[in-house]
Amino acid sequence: LDLQVLDLTQQLVLAGTETVQDRLRDTEVQLGKTQEALVDSRHELAKTQLTSQEWCKQQRLAALDIDNYRRYIKVAREKEKHFKSEMAGVSKRQVALALELAKRDDA
10 LDLQVLDLTQ
20 QLVLAGTETV
30 QDRLRDTEVQ
40 LGKTQEALVD
50 SRHELAKTQL
60 TSQEWCKQQR
70 LAALDIDNYR
80 RYIKVAREKE
90 KHFKSEMAGV
100 SKRQVALALE
110 LAKRDDA
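What follows is the structure in structure tokens.
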């Protein structure tokens, strides 16, 4: 009877140990999966940050393009005003010359 009790006690200890080992093994597997998921999440975060940085860079470049375009338009409008004033001056001189020629023809 003592041998049976000892045998049953050993079986219980082994069963308890196996259960603990199974739980430990399951926990280690779960920990490994969690670590893999964490690494994947970090990779995704890094990709998102790079994408965000690229988007910000594109926004800065677009803003620079808009500023350059505005300056180009401003310079073009100034040139247009200058040419219009020159054209008005040329027209006035043409009228003055036409009047001068008309006076000479009449004389």
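Following this note's numbering, the numbering of the sequence shown begins with 10 at its first residue and continues without gaps. Quick reminder that beta carbons are idealized off the backbone N, C-alpha and C, glycines included. Values in this document were obtained by computation on a predicted structure and should not be read as measured data.
Annotated three-state conformation of L110 is helix, per DSSP.
For L10, the secondary structure class from DSSP, reduced to helix, strand or coil, is coil. A straight-line Cα-Cα distance of about 44 angstroms links L15 and E45. Between G41 and Y78, the alpha-carbon positions lie close to 55 angstroms from each other.
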